[in-house]
Structures are given as C-alpha cells and as structure tokens.
Amino acid sequence: MTTLFATQPETAELPFYQPQGDEATLFEHAYRHQLPLLIKGPTGCGKTRFINHMAARLGRPVYTVACHDDLTAADLVGRHLISDKGTYWSDGPLTRAVREGAICYLDEVVEARKDTTVVLHPLTDDRRILPIERTGETLHAPPEFMLVVSYNPGYQNLLKGMKPSTRQRFVGLQFDFPEPDLECRILTGETGIDEARARKLITLANALRALKDHDLEEAASTRLLVYTATLILGGYDPLEACRAAMVEPLSDDCETTSALMEVVQAHWAK
Amino acid sequence: MEEQVGKIWHNIITRMANSRHPEAAVHLEQVKQTTGILFRALGGDSGLQIESAGTTRHGARRSWLQRLAGTNQQTELAWRDERSLRLPTVVDCFPTPELNRDLYLWLTALATGDSGTEQEWFQKNQQLTAQTLAIYPGLQPRYERLVAAHLKQRTHSDDLPPKEAAQEEAIRNALLNPGSEDHLPLAKHQPQPVPLWLHPAPPLASARITPSIEDEQNNSSKGKSKELEEQHRRQAEQVTKPEQDRGLVAIRMENILSWGEFAKVDRGTEENEELDQAADIAKEMEQFSVTRDGKSTAGRLRFDLDLPAAENDDQILNAGILLPEWDYKSQQLQPDHCRLLPMLATKAEACKLPDHLRKTAKRLRAQFQALAPARTWRRGMPDGSEVDLDAYLRFTTDRAAGHIASADGLYRDLQPGARDLACLLLADLSLSTDTWINDQMRVIDVIRDSLFLFSESLSATRDSFAMYGFSSRRRDPVRFHQLKTFDETYNPQIRGRISAIKPGYYTRMGAAIRHASEILKEQPAGRRLLLLLTDGKPNDLDKYEGRYGIEDTRHAINEAHHLGLQPFCVTVDNKANDYLPHLFGAGGFVVIRRPSELPKRLPLLYARLTRS
Ligand SMILES: Nc1ncnc2c1ncn2[C@@H]1O[C@H](COP(=O)(O)OP(=O)(O)OP(=O)(O)O)[C@@H](O)[C@H]1O
Ligand SMILES: [Mg+2]
C-alpha cells in the first residue's frame with residue numbers, strides 16, 4: 050500500500066536546508082504560478098529535505114508518496130472502503146492534497162507505472178482539475194495546491210523513464226551533490242562536526258564520486274556523509290566509520306569494497 | 032685477498048637482497064581492479080587503462096655476482112602515457128606480498144599526480160612523491176615501509192666507485208626526503224632502478240647515456256614479446272580462463288595460431304610445444320617491429336585482409352550509407368567519414384534449428400512465455416479469476432444509492448501484459464570471433480548459437496526484435512549484415528542467415544551503432560533496447576584503435592541515448608572492465624566470463640533487462 054506521511058506545517062521550526070543555488074526562488078515562483086515541479090537528482094542529495102523545507106516556508110502541509118510499480122491510480126486518488134455501516138469513499142493522498150491546497154510529493158515517480166501517472170495529466174495542465182471517476186466528483190485545485198515529483202536518472206532506471214507527455218508538464222530542477230564549501234556547511238550544520246574533519250570527509254566523498262559509472266552505480270551521497278560524520282562524532286573510529294557508512298553501502302563486491310578502503314586509507318592519516 | 036673475499040661475500044649478500052621473491056609475488060591481474068579504482072578515485076582519467084608495462088633492460092651497474100649469474104638486468108618499470116597507466120606485470124621485489132602490493136598502490140597514487148609535464152626523471156619523481164604524500168597523508172606509512180624495504184636492497188654507496196656512490200647517495204636522500212635533491216650526479220652507469228618511481232613514458236634510456244643498439248631494439252619490442260610470455264605463462268599454469276589476455280595482440284596471435292602453419296594448436300595441453308611456438312612467434316614479431324619503424328609497435332601488428340570476390344559474398348543491398356565519425360582529439364564529428372554497406376546473405380539456405388540447441392530452446396521458450404511479459408491484473412473484466420473488489424464496491428454503493436448499476440465487469444483476471452518494447456541486437460562479426468574458446472568452438476559459433484536462442488526466446492514473447500551483424504575494413508566498407516529486420520518474422524529463412532554468419536574483418540563499432548540506432552529509432556515502441564554483442568574493443572586497420580576507437584564508440588552510444596534508445600552491451604571480453612564502463616556506464620554492460628555460456632545467458636539477460 051501507499052506510504053503516506055502528511056507533514057504539518059511547523060512554522061516554529063524550519064527544517065535546516067542549505068541552498069545550493071537558486072532552487073528556493075524557482076520553487077517559490079513555481080508555487081506562485083501554479084506550475085508543477087520535477088526534481089531530478091541522485092539519491093541522498095537533499096530532495097526530500099528541500100521540499101519539506103520549502104513547504105514549511107510556505108506554510109503548506111506535504112503529502113509524500115513513495116512510488117513503486119504496484120502503485121495504482123486508486124492508491125493516489127482514493128477508493129471505496131468497507132466499514133460496519135457499509136462502504137464509504139476514502140480520499141487518496143493526491144485528492145487530499147488537492148482538497149486542502151497542500152503540496153503533493155511523488156518520490157521516485159518513474160517507479161510508478163505509466164498508466165498510473167496519467168491521472169496527473171489533467172492536474173498538471175492549465176485545467177488543474179482532478180476528476181474522481183468513482184464518485185463522479187471533479188475537484189478544482191486551489192492556488193495553494195502544488196505537485197512535485199522527483200526521480201533519480203541513474204542506470205538502474207535504464208529501461209524506465211517518464212513518458213514525454215508526462216515529463217513535459219513539469220518545470221524541471223536538477224539536483225546534484227553540493228560544491229565542497231556548501232557540503233561542508235551542510236555537514237557541520239547537520240551534525241556539528243568540526244570543519245577540518247568535515248572537509249576531509251568531503252574530499253574523500255568526492256574521490257569516491259569520481260568512480261560513479263565506471264566502478265560504482267551510485268555515488269556516495271550527502272546522506273552517507275552525514276551518517277559518517279555522525280558516527281565519527283559519536284567517538285567511532287574514523288576509518289571504520291568510513292567503511293560502515295561510506296564504503297559498504299556503495300557496493301556488495303568484496304574486491305570493490307577493499308579497493309574503496311584503500312582510497313579511504315590514502316585520505317585518512319591515522 | 033681478504034678484501035677480495037669481503038667483496039665477494041658482500042655481493043652474495045647483495046644478490047640475496049636483490050633477488051626476486053617469487054613466493055611473495057603479486058601479479059597485476061590480482062590488483063588490477065584495486066589499482067584501477069584507486070587511480071580513478073584519486074583523480075586519474077577514467078579513459079585510461081591499466082596495462083602491463085613489460086620488462087625493460089636497465090643499464091645500471093650490476094653487482095659482480097649478478098653479472099656472473101646474468102640476473103637482475105631487467106627491471107619492471109611503471110609509467111603513464113596517453114592511453115594507459117603502465118604497471119609492472121609482476122611485482123616480486125619485496126619479501127612479503129603486502130609490500131609488493133603496497134608498491135602497486137603507491138605507483139598508482141603517484142601516477143594520478145602526473146600531469147604529463149616534461150621533466151627530468153629525478154626531480155619529477157621527488158616532486159610527485161612530495162605532492163602525493165601531502166595530498167594523501169594516509170599513504171605516508173605505506174611509503175615509509177616501502178622506502179625502508181627498498182633501501183635495504185640497493186647496493187650501498189660504500190661498495191660503489193666514487194661517482195656511482197655520489198649518485199647513489201643522492202637517490203637515497205631523495206627517497207628519504209623527497210624534494211631535497213635538485214640534481215642527479217653524473218656517473219658512467221645508469222643508477223640502480225628505483226621501483227618506487229615512475230619512469231618518463233615510454234622508457235627510453237636516459238639521454239646522457241647512449242644505449243646500445245641492442246638495448247633499443249629490446250625496448251621497442253618488449254611490450255609485445257612480454258605479452259606473449261605472459262599469455263603462455265598463464266596457459267602453462269592452466270588457468271581456467273584461457274581467454275584472459277585478449278588485447279589486440281593476443282587476439283591476433285590467436286588468429287595466427289588458428290590459421291595456416293600454426294593451425295590446430297590444442298590450447299592448454301602440450302605446453303612445451305606451445306611455448307616453442309610462442310617463442311617463434313615472438314621472434315617473428317620482434318623482426319616485424321624492428322623492420323617496421325624501429326620503434327615501439329604496441330598494437331601495430333595487424334594484417335590487411337582481402338575482401339571476398341563479389342560472387343562469394345553476401346549481396347549488397349544498396350550503394351551504401353555515409354556515416355560520421357567522432358575524432359576525440361579535435362572533439363569533432365567528421366561528416367560522411369564511413370561508408371556502411373547493408374548486406375544480405377541471399378544465398379543462405381533455409382534451415383531448422385541446429386539439433387544441439389533444441390532442448391535449450393524448448394526450455395527457454397517455455398520460460399519466456401511465462402516469465403518475460405509482465406503479467407498484470409486486468410480489472411473490470413466480465414469474467415476472471417477473482418472478484419474485482421473495487422468494481423464490486425462501486426456496484427453495491429451505486430445500487431444502494433438507487434442508481435442503476437450494471438453487473439458486468441466485476442472480476443479481475445491475470446493476463447499477459449502487452450510489452451511496449453523493441454530490441455535490436457547488433458552482433459560483432461569481426462575476425463577476432465574466429466578465436467577458439469575450447470576444442471570445439473570458436474567465438475563465432477557461440478555468437479551463432481546465441482542468435483538462435485535469442486530469436487527462439489523472443490519469438491515466444493511477441494516482443495518486436497531485429498538482428499544485424501557487422502564488421503569493417505577501414506572506414507569503407509563497414510559491412511552491415513541484415514539477419515532479421517523488425518518487419519520479418521523469425522522463420523527458416525532467417526535461421527539460414529544466422530547459420531551463414533562468419534568471422535569478417537575489423538570492428539568499427541561507432542558506425543555500426545550509429546546505423547543500428549537509426550533503424551531502431553524508427554520503431555514506435557515506448558522502450559527501445561540496443562543490445563550489442565561483442566568480444567573485444569573497437570578496432571580497425573587505420574587509426575581506429577585505442578582511444579580513438581573507444582571515444583568514437585562512446586560518442587555513438589551517447590547519440591543513441593539522446594535518441595531515447597537504451598544501449599546495453601554483452602561481451603565475452605574478460606578485459607572489458609577496462610573500457611566498457613567508460614562506454615556504457617557501470618550498469619550498462621555485462622561480461623560473460625565463460626563465453627560458452629553466452630547462448631544460454633543472453634536470453635535470460637534480455638528477460639532481466641526488460642522486466643518492468
Ligand atoms: N542542502 C541540504 N541541506 C541540509 N541537509 C541536507 C542537504 N542536502 C542533503 N542533506 C542531508 O542529506 C540527507 C538526505 O537528504 P534527502 O533525504 O533530502 O535526500 P533525497 O534527495 O530525498 O534522497 P532520496 O532520493 O534517496 O530520497 C538529509 O537528511 C540531510 O541530512
Ligand atoms: Mg527522498
């Protein structure tokens with residue numbers, strides 16, 4: 050079934066987000082002009098964080114749906130359910146977001162089958178409507194409603210991808226791992242690690258990132274860096290922290306992981 | 032007299048220290064992946080390959096005993112050039128495998144800092160060392176261990192004539208305090224080699240000491256003869272991967288062996304005979320290289336082959352298609368650079384599936400019927416295996432609300448989903464496919480069987496597919512054999528064409544991929560898979576080899592991506608890890624280690640790739 054979180058606006062506490070460029074401005078513009086947004090980027094580079102941050106900034110709730118290939122249109126729109134009094138209609142996350150004028154975030158949207166994502170079409174052009182076939186209702190999205198989808202255009206999605214007719218309904222935003230200075234601020238901001246060690250970790254991460262496509266399918270993410278820094282701060286041996294949080298999650302191949310450890314060791318003087 | 036004995040004694044000690052440690056030897060093959068990853072992670076160019084450097088004769092003063100024994104005159108050097116990082120084939124200079132392995136890693140790290148500037152060997156290596164240690168402080172302990180172990184092996188300056196002694200002192204100092212020595216004192220002999228340092232590429236004897244003619248020849252043919260030795264050492268060791276060394280030279284050698292006078296060499300047995308033959312070939316190659324241009328001929332040994340007479344050849348379908356080619360040096364696409372000839376084996380006789388594939392084909396067909404097309408639940412069916420709860424609920428709510436509700440379509444059923452998919456398979460039919468992989472089969476036979484089983488499986492899925500083969504002879508012609516178009520159905524005639532494929536010429540992959548992409552892009556399917564089946568890297572008689580060929584192929588692959596196609600490569604080349612990631616990305620190819628398994632694995636791979 051659908052993974053669903055409704056994050057309520059917490060104006061008191063804005064989730065920490067370190068902007069990489071102009072993305073917050075673009076988000077705001079898209080929001081004001083009711084344009085749906087497509088965010089592309091590798092795993093763990095801050096997409097989810099960005100959306101939660103922006104939602105809090107704009108004071109809107111977020112409905113997050115983690116897409117998968119069994120996701121049906123009914124999982125998004127809603128379905129009839131049975132109770133002791135009979136059957137009743139239950140809104141899906143998309144419908145709820147439209148009704149409430151919230152932000153609906155479909156994570157890893159390419160995982161969803163293409164016939165599922167077509168329900169987004171009337172919502173994502175200038176009609177901004179959501180026809181609910183089962184109840185005969187047609188919802189008109191309020192100006193506060195915003196649809197955001199994300200995916201990771203990596204090789205594991207070799208044969209997946211969005212239909213051009215779906216893709217071309219969105220304003221696009223490409224995320225990547227941040228520049229070292231920014232990533233350093235993220236690391237120190239997230240974990241409280243000192244700058245010297247943060248920089249070291251980032252240099253190492255960038256060395257490992259150079260291996261993407263050639264030796265590794267995925268690059269070491271900011272998320273993994275945060276994990277590593279957290280372990281080190283907690284007093285765990287730095288080399289072992291790198292192994293646990295940066296090397297092992299990247300590959301299952303023993304030869305590759307031992308080679309990655311050589312890279313770690315070259316960077317990290319005992 | 033006393034002094035004389037002392038000298039001899041010392042030499043014995045030295046020789047012991049200098050002697051190799053075969054029991055602790057580490058082979059490049061063992062550390063290739065690690066060094067490759069380290070090299071790229073530390074900023075090395077991912078287009079470069081890690082290759083074996085071969086041995087170079089060093090002109091250094093040998094100790095008396097060594098001279099007597101004729102040992103220690105060869106040393107393995109490491110250097111970096113335009114297309115590869117060369118590392119020694121074997122490192123056995125230290126008594127423990129750990130140290131020998133450390134040396135590989137150290138040299139690799141050192142090479143990443145080498146920007147290729149022309150600089151004196153002595154200064155350059157000191158500077159590189161200092162720089163490497165500064166950037167990667169974690170390497171310091173490793174470096175110190177290596178220096179300590181190496182210094183023990185060097186003939187001490189006390190035992191050398193004054194000039195050589197001064198030289199030796201400078202080197203020792205440079206190793207201990209990199210950057211501290213600004214010039215290497217002159218001496219009559221070349222200094223003892225420093226395995227911890229990179230050699231200026233490619234190794235030529237230092238300009239100050241003119242090498243003998245013999246040395247020069249030795250240098251130029253070294254890489255090659257060494258590769259042969261290599262190949263044979265491996266065969267003699269009965270390594271289970273007989274096709275390990277399949278660089279250009281190895282492939283050519285295979286062909287020499289499988290042609291004419293060296294025909295029918297039974298690989299893996301009769302090793303002595305084989306070694307003799309290898310030696311002969313090596314000698315011949317040496318002559319070849321020397322007469323050719325007197326320089327290094329790495330990868331030069333190739334044969335021009337005549338095209339068959341038209342009446343014996345496949346029918347040419349049209350005047351040819353002009354295709355561009357990418358020149359990475361100028362970063363430009365050269366328009367109309369290649370001429371591709373679509374060809375068809377019109378004379379091939381229709382035939383049945385070969386008997387030895389029957390059983391496998393049957394099994395695959397059954398698997399494919401069940402497995403390949405993603406089965407989906409169809410909702411709202413008038414009949415089906417389960418009640419469609421959603422439809423039923425709707426039906427009951429509608430009726431309860433007083434609406435007229437129709438009761439058809441309350442079931443769901445599991446049905447084979449239509450697959451919106453087209454696949455073009457492009458098979459490499461170059462000469463290298465003439466290589467024998469065991470007593471019964473050549474690569475081409477494996478490719479043929481693969482094409483058969485692939486077609487058998489895919490026709491069971493109703494997926495739309497086409498098959499072509501290619502080989503080339505320079506940029507004109509690139510022979511493009513039509514085996515099955517998208518419009519044709521798989522039938523005995525197509526089987527005839529598959530059965531008629533034979534090893535052709537060279538491998539101009541870029542042009543073939545470009546044309547295949549053109550064909551595939553016309554297919555209306557939502558997913559379009561371009562499957563490349565090959566046994567080696569791009570190469571042709573002209574400059575289409577090494578980096579040029581690889582970069583053109585890479586460019587063609589990128590074009591295919593841009594057209595919305597999904598290229599994927601299946602190869603039986605064990606060396607493919609060196610260059611395929613650069614072409615296809617880490618998830619864009621697969622290496623079939625045992626070529627004989629290709630026919631069975633290809634269809635399954637297709638199933639996995641296209642699973643939704
Ligand atoms: N710009 C940033 N500001 C603050 N924290 C960040 C930033 N980028 C990444 N992070 C950190 O990285 C972690 C992972 O980010 P997030 O969960 O947003 O990744 P994602 O892009 O959504 O990944 P996935 O595709 O795997 O869902 C966050 O929890 C946060 O700690
Ligand atoms: Mg996320």
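For the protein sequence lines, the chains are A and B, in the order given.
With our numbering as the guide, the letters of the first sequence map in order to residues 50 to 319.
With our numbering as the guide, the letters of the second sequence map in order to residues 32 to 643.
All C-beta atoms, glycine included, are put in the ideal place defined by N, C-alpha and C.
In chain order, what residues of the same chain lie with their CB nearer than 7 Å to the CB of residue i, ignoring the 5 residues before and after it?
| i | result |
| --- | --- |
| B/Glu301 | With a pLDDT of 34 at B/Glu301, under the threshold of 50, the modelled position of this residue cannot be trusted; read the value that follows with caution. Around B/Glu301: no qualifying Cβ. |
| A/Leu75 | Leu222 |
| B/Asp480 | Leu388 and Pro630 |
| A/Arg106 | Leu63 |
| A/Thr237 | Glu244 and Ala247 |
| A/Ile235 | Gln67, Pro227 and Thr271 |
| A/Leu84 | Val220 |
Over what stretch of residues does the alpha helix (DSSP H) that includes residue i continue unbroken?
| i | result |
| --- | --- |
| B/Trp137 | Pro128 to Thr143 |
| A/Val312 | Cys303 to His316 |
| B/Cys124 | Note, B/Cys124: premise wrong, no alpha helix (DSSP H); not H, not E. |
| B/Val62 | Leu59 to Ala72 |
| A/Thr92 | No alpha helix (DSSP H) holds A/Thr92; DSSP gives it neither H nor E. |
| A/Arg81 | Glu72 to Arg81 |
| B/Ala458 | Careful: B/Ala458 lies outside any alpha helix (DSSP H), inside the beta strand (DSSP E) at Leu452 to Asp459. |
Tell me the residue span of the beta strand (DSSP E) that contains residue i.
| i | result |
| --- | --- |
| B/Glu549 | Counting along the chain, B/Glu549 falls outside any beta strand (DSSP E), though it belongs to the alpha helix (DSSP H) covering Met540 to Lys552. |
| A/Asp154 | Reading off the sequence, residue 154 of chain A comes out as Tyr, not Asp. Its beta strand (DSSP E) spans residues Ile152 to Asp156. |
| A/Trp138 | Gly135 to Asp140 |
| B/Val374 | Reading off the sequence, residue 374 of chain B comes out as Met, not Val. Start and end: Gln363 to Leu375. |
| B/Arg585 | It is not in any beta strand (DSSP E) - B/Arg585 instead sits in the alpha helix (DSSP H) that spans Gly577 to His593. |
| B/Asp189 | Counting along the chain, B/Asp189 falls outside any beta strand (DSSP E), and DSSP gives it neither H nor E. |
| B/Arg632 | Unbroken run through B/Arg632 is the alpha helix (DSSP H), Leu629 to Thr641; no beta strand (DSSP E). |
| B/Phe501 | Ser495 to Ser503 |
| A/Tyr112 | Val111 to Ala115 |
| B/Lys155 | Here B/Lys155 belongs to no beta strand (DSSP E); instead the alpha helix (DSSP H) covers Trp152 to Ile166. |
| A/Arg128 | Gly127 to Ser132 |
| B/Cys600 | Gln597 to Thr602 |
Count the other CB atoms, across all protein chains shown, that sit within 10 Å of the CB of residue i; report buried if there are 16 or more and exposed otherwise.
| i | result |
| --- | --- |
| B/Gly580 | buried |
| B/Arg624 | exposed |
| B/Glu628 | exposed |
| A/Tyr137 | exposed |
| A/Leu87 | buried |
| A/Val167 | exposed |
| A/Ala315 | buried |
| B/Gly500 | buried |
| B/Cys600 | buried |
| B/Asp419 | buried |
| A/Lys261 | buried |
| B/Gln157 | buried |
In its own chain, which residues sit with a C-beta less than 8 Å from the C-beta of residue i, not counting the 5 before and 5 after it?
| i | result |
| --- | --- |
| B/Asp444 | Trp408, Arg409, Met412, Asp414, Gly415, Ser416 and Glu417 |
| A/His129 | Thr136, Tyr137, Trp138, Ser139 and Arg183 |
| B/Arg71 | Ser77 |
With a threshold of 6 Å on Cβ separation, who are the neighbours of residue i within its own chain once the five nearest residues in sequence on each side are excluded?
| i | result |
| --- | --- |
| B/Ser502 | Leu460, Ser461, Arg510, Gly535 and Tyr536 |
| B/Leu206 | Val178 |
| B/Ser486 | Tyr521 |
| A/Thr322 | Outside the shown range of chain A (50 to 319) lies residue 322 of chain A, about which nothing can therefore be said. |
| B/Gly527 | Ala379, Glu380, Ala381 and Cys382 |
| A/Leu309 | Val296 |
Going along the chain, which unbroken runs of the beta strand (DSSP E) with 3 or more residues stay wholly within the stretch 386–448 of chain B? 406–412 and 442–447, all fully within the stretch 386–448 of chain B.
Across the stretch 134–142 of chain A and the stretch 90–102 of chain A, are there enough close Cβ pairs to call them in contact, namely three or more that are closer than 8 Å? As far as the Cβ criterion goes, the stretch 134–142 of chain A does not touch the stretch 90–102 of chain A, which means the pair count is below three.
Touching or not, the stretch 214–233 of chain A and the stretch 117–130 of chain A, by the rule of three or more beta carbon pairs under 8 Å? Three or more beta-carbon pairs separated by less than 8 Å are not found between the stretch 214–233 of chain A and the stretch 117–130 of chain A, which leaves the two stretches without contact.
Does the pairing of the stretch 470–478 of chain B with the stretch 415–435 of chain B give three or more beta-carbon distances under 8 Å? Taking 8 Å as the limit for Cβ pairs, the verdict is that the stretch 415–435 of chain B does not touch the stretch 470–478 of chain B.
Counting beta carbon pairs with one atom in the stretch 154–161 of chain A and one in the stretch 177–191 of chain A, are three or more of them shorter than 8 Å? In short, these stretches do not touch, since the Cβ pair count stays below three.
Is it true that the stretch 540–557 of chain B meets the stretch 451–459 of chain B, where meeting means three or more beta-carbon pairs spaced less than 8 Å apart? Contact holds: three or more Cβ-Cβ distances are below 8 Å.
Counting pairs of Cβ atoms below 8 Å between the stretch 288–301 of chain A and the stretch 252–270 of chain A, do you hit three or more? Yes: at least three Cβ pairs fall under 8 Å.
When you compare the stretch 583–594 of chain B with the stretch 610–618 of chain B, are there three or more beta-carbon pairs, one atom per stretch, that lie closer than 8 Å? Enough Cβ pairs lie closer than 8 Å, so yes.
Can you check the stretch 198–257 of chain A for any beta strand (DSSP E) of at least 3 residues that lies completely inside it and give the ranges in chain order? Listed in chain order, they are 220–223.
Spell out a yes or no on whether the stretch 194–205 of chain B and the stretch 125–136 of chain B are touching, meaning 3 or more CB-CB pairs, one atom from each, closer than 8 Å. Result no; under three Cβ-Cβ pairs closer than 8 Å.
Would you call the stretch 517–531 of chain B and the stretch 562–573 of chain B touching, i.e. three or more CB-CB distances under 8 Å? A contact between stretches requires three or more CB pairs, one per stretch, nearer than 8 Å, and the stretch 517–531 of chain B fails this requirement with the stretch 562–573 of chain B.
Is the stretch 349–361 of chain B in contact with the stretch 513–521 of chain B, if contact means three or more CB pairs nearer than 8 Å? No: fewer than three Cβ pairs fall under 8 Å.
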